[in-house]
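Okay, structure first, notes after.
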Amino acid sequence: MARSKNAWPLRATRVWAAVLLATVWSGLDARERPLPPSTGPTGPAILLPVLAAPPPAMPAILPAQPRPMVPPMARPRDVQIGEEVIVPIIRPAAPRPPTVDDFAVRRTNAAVPATRVEMPPSTGTWSGPPPRTFRRDPILPPLTPDQAWTEQLYQVILNGQPVSDAAIFAKETATGRLVVELAEARRWRLVIDDARIVTLNGEDFYPIDAIAGASATVDDVDLSLALQVPPEALDPLVIRGEVDSRPMVASGFGAFLDYDVQYLAGDGIDGRLDGLMDVGVFGAGGVFSNSLLASDVLSGDGELVRLESGFSRDFIDRRASLRLGDGLSVGGAFGRPFRFGGIQWASNFATDPSFVTFPLPTIGGLADNPSVVDVYVDDLQRYTSDVPAGPFQIDQLPVVTGAGELQVRVTDLLGRERIVTQPYYVSARMLRAGLHDFSYEAGALREDYAEESFAYGDLFAAATHRYGFSDRFTGEFHLEASQDTQNLSAGGTLALGRYGTLSGGIGIGRNEQGDMGTLAQLDYEYQGQPFSLGVGTRLASRDWQELGDDENGVEPARIDQARLGLDLGRFGSLGLFLVHRDEHDADDTLSTAASWSTRLGPGSVVLTAAKLIEPSEQGAFFVNYVLPIDATDSASIGASHDGSGTYADVQYRRSKGASDLGADWLVAARAGGDQSRLSGSLGYDWSKLSARVDAELQEEGSAIRPNLSGSLAVVDGRFDASRRLGRAFGMVDLPGMPDVRVYVENREVGRTDASGQLLLPSLLPYQANQVRVEVEDLPLDAQVGDPQVTAVPADRSGMVVDFGIRRERQGTIRLVDAAGRPLPGGLQLVGADGMPEVLVGRDGAAHVRGLSGRPQEVVGQLGDIIFHCSLPGFDGTDPMPDLGKAACQ
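Under our numbering, the sequence shown has 810 at position 801, and the numbering climbs by one with no breaks.
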């Protein structure tokens with residue numbers, strides 16, 4: 010085809026118009042750009058001579074300030090002219106006229122239809138924040154303008170996985186070097202060399218070329234950056250194998266009374282009645298309790314002794330408790346506990362049962378690609394998780410104490426496996442790094458406990474504190490001081506890797522006579538398979554004295570202990586124990602004991618032997634065979650020999666099985682020597698009370714001991730009786746629903762009484778107790794949401810267990826208007842207080858919820874018509890009565 014001689018100026022004009030419009034288009038914000046209309050084909054372009062021509066002057070519509078970079082998803086479209094595509098490249102540098110370098114040319118497939126992009130007309134300069142130009146901080150030498158860093162925005166794909174849609178980079182103008190925000194680099198888990206961090210305008214950036222073994226590919230068209238990083242250049246991904254879960258604790262307000270009464274009578278025995286009582290008041294602020302012992306109440310020598318009185322409050326968030334009144338000290342590894350009256354502030358990890366105080370093992374690995382990780386603890390699968398490419402670390406794995414083995418299997422998307430095996434050793438003697446375990450007490454020493462109510466001695470102060478300096482060392486110190494006695498001890502426990510723990514410490518103190526005493530102890534422990542071992546010694550000088558010691562009590566000069574446990578596989582397990590005591594003012598003693606147990610047929614056999622080697626040789630031997638019969642019954646037969654003779658024993662036992670209610674009994678007989686006897690025990694547990702009778706018959710006579718125990722409690726105004734409540738309890742309240750079975754952890758604990766209440770004893774404090782009602786026992790008009798709820802009471806406290814179940818009488822009725830025509834279907838009517846609710850169906854038949862024994866008015870509206878209906882009352886026992894027909898106005 011012949012070309013017109015005017016074709017060249019015309020084509021050049023088209024190209025420069027497209028260039029100009031593309032420049033204007035690239036400066037607009039994404040939110041200012043309309044979608045381009047459909048375009049048509051254009052003719053072929055002659056581009057190279059045009060690009061060599063000098064650019065014309067740019068019109069005044071160019072911005073006075075540079076604009077921020079456009080996010081990747083809002084990139085300006087390419088301008089295609091014929092087979093050539095002109096791609097605008099956005100460079101947020103100082104304002105200047107565009108040049109030919111501001112455009113890239115790429116060849117397209119000629120078979121693809123060309124597209125012309127219609128540029129929107131410009132309305133002048135636009136506003137908005139300019140892109141940042143980074144420079145080094147003032148403390149460094151200044152940079153020339155061409156050495157400045159300009160802001161870039163890229164979508165980042167790390168090892169084939171998108172990690173950021175718009176990450177902020179800075180690009181050095183002179184070299185093109187890229188640095189990324191340090192926070193982004195850390196989020197991608199890049200290993201950071203602090204010496205390579207670049208600071209620009211007070212912000213930290215990390216150079217891409219500082220990543221060891223990395224390669225980066227930048228696509229300035231798609232504004233994306235593909236980054237390939239070797240796995241060792243990534244920080245490990247930390248995964249918690251065990252997550253602490255703390256359920257919400259509920260505590261009501263109320264009081265309780267525990268009682269335990271027993272009577273003893275028999276041949277040659279003066280009948281006596283003894284009792285033990287504990288009364289308390291609890292609430293959100295804490296618990297006050299007082300316990301009493303009544304001895305030989307029926308005789309003239311009977312007495313009532315106060316045991317303990319005190320107020321306690323648990324601080325759940327701090328895992329600690331405060332106690333005022335009588336208490337028991339914490340001696341730790343270097344002291345013995347003693348009773349006192351005063352104040353105690355101590356850590357209490359029982360307020361968070363899911364919290365593990367000792368260090369748990371950690372295992373890691375390397376995934377070249379996104380993979381699945383399976384963790385096995387002692388050949389049992391315990392954890393599964395997906396991990397991205399790179400190193401990973403799994404900590405807080407749930408394991409049992411002692412030695413064991415961890416195994417991690419890494420499986421990538423192609424099914425390739427990599428296995429990592431690691432031994433571990435966990436000891437309850439250790440504390441996690443940074444964890445404190447403490448007890449501080451002050452007050453007066455308690456004397457003649459259970460004999461005198463208010464016998465207190467010297468004033469004292471004591472402190473015991475353990476701290477996890479690391480996962481391998483736990484330190485401990487113990488201080489106790491009174492007017493006459495002062496002691497200070499310090500030591501700790503060191504983890505020896507997979508080989509156990511070594512514990513020890515020393516102490517120095519002054520006794521009542523003013524003499525100085527010393528203490529030293531050392532202990533090694535290993536628990537594992539197929540054996541466990543422990544050896545230790547404790548040395549104390551004659552003048553060493555601790556608080557709580559008897560007036561004439563003297564600590565042994567030396568106590569040596571050794572213990573050994575062996576797992577013999579199918580031959581059972583064996584335990585050995587050896588104790589040597591070196592006394593200051595008495596004969597030394599050396600004793601040993603051994604036990605062996607194994608399965609034999611359908612049952613198991615247990616053999617125990619003990620022998621005193623010094624100062625005299627005495628021994629005892631026991632063998633017993635236990636045979637389980639079914640879920641509730643078991644029998645045993647055995648023999649024993651000691652210094653008094655040889656005996657044979659037989660016993661048959663029946664338990665309550667899967668229920669907490671009902672009877673359990675025991676029958677036993679012994680033959681041999683002068684200790685032949687026949688004994689038995691029968692117990693029965695009701696929901697409100699427990700009873701037991703123990704009886705024994707032998708040649709010298711007979712004896713019987715009946716016992717009654719139980720509790721009374723009031724929780725948030727609800728009163729009921731129960732078996733012994735234990736550490737925590739709950740009150741089920743199902744108003745108007747008697748005889749409903751209630752289960753705790755799938756064990757039947759009782760049935761609701763006539764008022765629909767039941768006390769739940771022996772709940773675990775600060776733990777999730779699963780409480781369930783039997784739906785079949787509920788009345789037909791009961792509205793059930795979830796028949797199982799979680800009860801989490803506080804220690805020595807009660808709570809109301811609310812299932813949200815309420816009775817709601819339902820019935821049917823036919824509703825018509827004044828002319829006898831049925832009310833329209835779909836009409837809803839309600840009472841003034843929201844009940845009853847009526848839903849009208851076909852032919853005026855309606856379902857009613859919330860019936861009562863008196864007439865009730867309901868109102869409903871359909872369009873502009875308001876309906877008023879009067880429902881008759883119903884006092885019958887029919888769970889779904891038919892109320893007949895009612896006319897509505």
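C-beta: ideal position from N, C-alpha, C; glycine also.
Here the alpha carbons of A595 and L769 stand approximately 52 Å from one another. Within the stretch 759-806, no alpha helix (DSSP H) run of at least 4 residues lies entirely inside it. In the three-state reduction of the DSSP assignment, A828 falls in the coil class. Collapsing the DSSP output to three states places G853 in a helix.
In this structure, A359 is the residue among A359, S512 and R733 with its C-alpha nearest to the C-alpha of P774.
The straight-line gap separating the alpha-carbon atoms of I428 and P397 is approximately 17 Å.
DSSP, read as helix, strand or coil, puts I278 in strand.
Between the stretch 837-848 and the stretch 860-870 there are three or more inter-stretch CB-CB distances shorter than 8 Å, so the stretches are counted as touching. Taking the C-beta atoms as reference points, E534 is found nearer than 8 Å to T510.
Under the three-state reduction of DSSP output, F738 falls in the strand class. Of the candidates A342, I638 and F876, F876 places its Cα closest to the Cα of P831. The shortest CA-to-CA distance from C878 to any of Y458, P171, Q390 and L838 is the one to L838. For the set K697, S498 and A657, the Cα lying nearest the Cα of S649 is the one of A657. Beta-bridge partners assigned by DSSP to P400: L375. The beta strand (DSSP E) runs of length 3 or more contained entirely in the stretch 325-377 are, from start to end of the chain, 329-337, 348-356 and 372-376. The C-alpha of P796 lies about 14 Å from the C-alpha of N778. Rounded to the nearest whole angstrom, the C-alpha separation of L621 and D651 is 12 Å. Closest in alpha carbon position to S300, among M286, G211, V290 and A293, is M286. Membership of A896 in the beta strand (DSSP E) is indicated by the continuous run D891 to A896.
About 7 Å separates the beta carbons of L528 and I515, which is inside the 8 Å limit, making them a contact pair. The continuous alpha helix (DSSP H) containing L191 extends over residues L191 to R196. The Cβ atoms of P890 and G820 lie closer than 8 Å to each other.
Per the Cβ contact rule, the stretch 370-381 is not in contact with the stretch 252-264 (fewer than 3 Cβ pairs under 8 Å).
Where S879 is concerned, the enclosing beta strand (DSSP E) starts and stops at I874 to L880. The straight-line gap separating the alpha-carbon atoms of F297 and A303 is approximately 20 Å. Q766 and P715 have their C-alpha atoms roughly 29 Å apart.
By the CB criterion at 8 Å, S338 and S330 fall outside the cutoff. R732 is a Cβ neighbour of L698, given a cutoff of 8 Å.
Taking 8 Å as the cut-off, the Cβ atoms of G374 and V417 count as close. Residue pairing for M525: DSSP places it in a beta bridge opposite R519. The count of Cβ pairs closer than 8 Å, one atom from the stretch 446-454 and one from the stretch 349-368, reaches three, so the stretches are in contact. As the crow flies, the alpha-carbon of Q492 is around 7 Å from that of F469. When only Cα atoms are considered, Q898 and D826 end up about 6 Å apart.
The alpha-carbon separation between D669 and R781 amounts to approximately 15 Å. The residues A442, in chain order, have a CB closer than 7 Å to that of S479 in the same chain once the five nearest residues on each side in sequence are set aside. Of the residues assessed, I814 falls on the buried side of the cut-off, its CB having 16 or more other CB atoms within 10 angstroms.
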